[in-house]
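Line by line, the protein sequences give chains R and E. Each residue of the first sequence is one higher than the last, beginning at 68 in this note's numbering. Each residue of the second sequence is one higher than the last, beginning at -7 in this note's numbering. The block underneath contains the structure these notes are about, expressed in structure tokens.
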Amino acid sequence: MDMTLNAFTLSLLTGLQLGSIYVLIALGLTLIFGTLGVVNFAHGALYLIAIYLAVSINNALGFGLALILVPPILFVIGILLERGLIQRFYNRPHTDQILVTFGLAIVLQELLKWIFGANNIPFAIPSWGNGIIMLHDYLPFLEGFVVYPKWRLILVVVSIVTVAAVFALLHLTRFGLVIRAGMRDAEMLQFMGVNINRRFMIVFGLGAMIAGIAGVFGGPVTQVSPEVGMQLLVPSFLIVVIGGMGSLGGAVLAGILIGMAQSFTAPYIYINTIIIYLITVIILLVRPRGLLGAKGVFE
Amino acid sequence: MITQQNFWQHNKAVLMFALVALTMPLWFPLIGGYSGLDTKIMIFCIFVVGFDILLGFTGYLSFGHAAFFGISAYTTGIMLKNFSDNIIPAIIVAVAAATLVALIIGLLTLKRTGIYFSILTLAFAEMFDSMAMSMLQKWTGGENGLTGMPTPMLFDLKMQGDTVFYFCALMAILLYYLAKRIERSPVGLMMKAIKCNQTRLEYTGINARKYKLLAFVLSAMYAAVAGSLMVVYEPFVGHEFLGWHQSGEIVIMSVIGGVGTLVGPMLGAGFMLYFENVLSVSLGEQWLLVLGVIFMVVVIFMPGGFMEAVARLKKRFFTTIDGE
């Protein structure tokens, strides 16, 4: 296929933008899985709570307050869920953990559907994020007139900042050191007298908070309806598998890979609908532990 | 040697089920059930009994069994429409198609642990869902679903009303009997050993993957029979047959009823469909919310489902002084 530089640039940006939301959801999933060992089927529902909260606060009080309030609220919701529900399941089989988070996903989704209705709620982008960006002004190699929606670029930037913050937290702080040690061997850490349970609780809150950030900025792009949670959960799961379960770097890499694959196959509708599954199958056959998956983790 | 007395002893559960199932048209309307719902319950009994061979015996939780249900339903619809209105060739081809797909998906998804399996089965079912909506639209009817099938025939017998019910009920009884036989066989024992301790089983030199794959394909075949009968029961196939809602429903039925007991999931199927179609009248739109809460309560406090409740009650009221 011959593709002009313009089309290539646009596909690249769209790929980044698609990947951004996936990465934010997958990051929380893989963080929770890596530390707590729990496959959280309710993670899509957490995103759902975030977008409904964000749209309500945004439409009533403005975007600024939504941005300030939603991530902390999600953090608290995450902590309450972990304390009230998830922690009872650490010592139960993985199947039970999946079942209870799946049940939670249904309950949350149906609850939100009951409160807000099944239809899409329009999410107004704040005025400073509205409109388009003239890409040709910034990128001299583009020919003629090339534009891209401003909000989608903001989403990419937010995603990059969030990922950088999570990595900084995990690699530059003592808290992060303990978490990473916990991902390797939680039992050993407990022997050394570290209160791992409190950290688990915070990690779950953190995962929920990232979903909150994703919801505030992703809501206008993914729409606000009860189906969105599950629609995002499936590709995010696959990204976690492709990247290697429990690997944060893998999730970022796989998220961008999937975003790009979806963006660049967009002209070929048949391949586009199954590209993510094709990639998963190839990865499973060639490298079953995922791109950056550690050896011996859930193999 | 199986003596006559042994035969009754061994098949008590199947005979009880047969009695309940075959008399259903008599008693079901008394509790508010309508004709047709009983047929659907029989069909889903087949689905969940098969699902229990996988989840109950091996412990592998599939979130994508709707794929086999749906693929089989679509194949049946296409067969009835384009080949012959006789259901026998349609069912055979449909089950064969779903079995083939199950074999491929099983080989791919059973490579690693149960967590991967749950995620990947969900993903593959979603893949078929989106395929039905895009590239296979010409055959599946896309958003509108597959319609326009002729009245299905069992050779010269029109498959309508009670005939469909008794056909489905007989299939359910037969397949339940078969599942019971599998449970008691050495193969069934291997499957249960996988759930108990797969590593230990493998150390004894047994190829666990072979039995996992067998359980997976068998359960997919049950799902396929159910999917095929669904089209015989109601000549329509929509893409929701393939969706995660459908897979989730089967999981909910099995867990509420009691995983690993075969009869439990059937109770669960009956309860859920009755709940969805009869009790939901007073709950309106929120029936799924209530069901979700029931499901969570069962998972948290009573992982064995209805069957555990029955066992607990039995223990409380029928325990004699000298033990169990």
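Ideal Cβ placement from N, Cα and C applies to all residues, glycine included. Note that the structure is predicted; figures quoted are calculated from it, not measured.
- The segment 287 to 295 of chain R and the segment 171 to 187 of chain R touch, with three or more beta-carbon pairs separated by less than 8 Å.
- DSSP places Val214/R inside the beta strand (DSSP E), whose first and last residues are 214 to 216.
- Per DSSP, the continuous beta strand (DSSP E) segment holding Ile199/R begins and ends at 199 to 201.
- Across the structure, Leu280/E and Phe75/R are spaced so that their CA atoms are roughly 45 Å apart.
- Using a CB distance below 7 Å, the part of the segment 289 to 314 of chain R facing chain E consists of Met297, Val301, Phe304, Leu305, Val308, ordered along the chain.
- By the rule that beta-carbons nearer than 8 Å mark a contact, Gly322/R does not touch chain E.
- Here Ile341/R is near Ser122/E, since their CB atoms are less than 8 Å apart.
- Counted as a single uninterrupted DSSP element, the alpha helix (DSSP H) harbouring Trp279/E occupies residues 279 to 293.
- Taking a C-beta cut-off of 7 Å against chain E, the contacting residues of the segment 172 to 189 of chain R are Ile173, Val174, Glu177, Leu178, Trp181, listed in chain order.
- Secondary structure note for Leu210/E: its alpha helix (DSSP H) is the uninterrupted segment 200 to 225.
- Comparing alpha-carbon positions, the option among His2/E, Met8/E, Leu206/E, Gly24/E lying closest to Leu271/E turns out to be Gly24/E.
- DSSP lists Asn78/E, Lys150/E as the bridge partner or partners of Met145/E.
- CA-to-CA, the gap between Val209/E and Thr15/E works out to about 31 Å.
- For Ala94/E, the closest of Tyr214/E, Gln1/E, Phe9/E, Leu170/E by C-alpha to C-alpha distance is Tyr214/E.
- Residue pairing by DSSP places Val229/E opposite Leu138/E in a beta bridge.
- Per DSSP, the continuous alpha helix (DSSP H) segment holding Ile107/E begins and ends at 106 to 125.
- Legend: CB atoms of the segment 33 to 58 of chain E lying less than 7 Å from CB atoms of chain R belong to residues Gly51, Leu53.
- At a cut-off of 8 Å between beta-carbon atoms, Pro295/E makes contact with chain R.
- By the CB criterion at 8 Å, Ile165/E and Ala13/E fall inside the cutoff.
- Among the residues of chain E, those whose CB is under 8 Å from the CB of Val348/R are Leu100, following chain order.
- Pairing Gly180/E with Phe49/E gives a Cβ-Cβ distance under 8 Å.
- Non-local beta-carbon contacts of Ile186/E in its own chain, meaning distances under 7 Å to residues more than five positions away in sequence, involve Thr50, Gly51, Leu193, Ala200, Tyr203, Lys204 in chain order.
- Going by beta carbons, Thr68/E and Val223/E fall inside the 8 Å limit.
- With a 10 Å radius around the Cβ and a threshold of 16 neighbouring Cβ atoms, Leu320/R comes out buried.
- The criterion of a C-beta distance shorter than 8 Å is not satisfied by Val247/E and Gly284/E.
- Listed in chain order, the alpha helix (DSSP H) runs fully inside the segment 268 to 346 of chain R are 295 to 310, 315 to 331, counting runs of at least 4 residues.
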